[in-house]
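Residue numbers (the numbering used here): 12 to 331.
Printed below as a string of structure tokens:
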């Protein structure tokens, strides 16, 4: 067994016995190489060499596969006409008024009009009338709050409905059309939604003869299905549409009555002016009473003239 301290032990033994100590083996150590210092001139700039980064692999780009956009839904078929089971045909030309037809319905030559306006002289309605008997004869129109869009258009003879009646909703969509003869229903009455008929009633001499539900089938054609009065109570849609149509009937009738009262008041004023002018035709025009009456008559006529000019100009802006 070898011990690391054996030379020292031998030295101790040699000293004790007076002998020369054995020479100690010299331990050799490997010298590390010293980096040679290279002196750089004082004028040389200090250069710092940065380690070159190890290149890293770029991630593969993410490929997103987009689904093809869904095709747009087919455009809804526009109503143009339909054959009713009773034999009559309902067409879009019967229902919808364009600007040309409206202008034709309201000629401006050899026709007298009652021009209705509010306190600010904003036009609210116009009705053709006969000055001889003071009755509506011809076409009438009532405007909505914008004083340009129609609320309803109607045709009259001797102050009663005689021809077509068109009614528009507060949103400006046609929702009602009906045919009249001498104040009585004669022909078709239609309830519309989104410019499509949904309920059609056939009247003869103010008596309901038939009624039809109209539906768009497969976006290809409009079909009418007759609903008997006995079945109408059992058909939920029929009951809903019938109630809506009745409500519109009553609403337009009440609105028409309001404008009739306004016309009667205006026409009474007009005839009073004419009667006074007839009675006082021999009165001195410079008399106080005659001058005041002439002034009031001029204001009355000038208001009508201004409203008429507004109406003619607004006709060409009328959205239908």
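Don't be surprised by glycine CBs; every beta carbon is placed ideally from N, CA and C. All of these numbers come straight from a predicted model, not from anything done at the bench.
Asked                                                                                                               : Found
Under 9 Å between C-beta atoms of residue 216 and residue 194                                                       : no
Residue 166, buried or exposed, once every other Cβ within 10 Å from all chains shown has been counted against 16   : buried
Endpoints, the beta strand (DSSP E) within which residue 126 is located                                             : 123 to 128
Cross-strand partners of residue 234 (DSSP beta bridge)                                                             : 226
Classification of residue 203 by the beta-carbon crowding that lies within 10 angstroms, buried from 16 upward      : buried
Proximal residues to residue 249 (C-beta, below 8 Å), its chain only, five neighbours per side dropped              : 210, 222, 224, 238, 242 and 243
Rounded straight-line distance, which links the Cα of residue 260 to that of residue 201                            : 11 Å
Proximity below 9 Å, CB of residue 187 to CB of residue 263                                                         : yes
Residue 133 classed as buried or exposed, judged by whether at least 16 other C-beta atoms fall within 10 angstroms : exposed
Rounded separation between residue 79 and residue 150 - CA only                                                     : 55 Å
Whole-angstrom distance between residue 281 and residue 267, CA atom to CA atom                                     : 21 Å
Cβ-Cβ separation, residue 123 to residue 137 (assumed contact under 8 Å), whole Å                                   : Not confirmed; about 11 Å, so no contact.
Sequence-distant residues of the same chain with beta carbon closer than 7 Å to residue 301, five excluded per side : 291, 294 and 295
Length of the line joining the Cα atoms of residue 251 and residue 232                                              : 23 Å
Residues sharing a beta bridge with residue 212, DSSP                                                               : 200 and 222
Minimum C-alpha distance to residue 143 - residue among 159, 90, 101 and 279                                        : 279
Per-residue burial, residue 318 [other beta carbons within 10 Å of its own, 16 or more giving buried]               : buried
Residues that DSSP places opposite residue 101 in a beta bridge                                                     : 93
Buried/exposed call for residue 127, threshold 16 Cβ in 10 Å                                                        : buried
Environment of residue 205 [buried if 16+ CB atoms lie within 10 Å]                                                 : exposed
Beta-carbon spacing of residue 161, residue 113 below 9 Å                                                           : yes
Top-ranked residue by Cα proximity to residue 272, from 156, 146 and 102                                            : 146
Three-state secondary structure (DSSP) of residue 297                                                               : coil
N- and C-terminal bounds of the beta strand (DSSP E) containing residue 168                                         : 161 to 168
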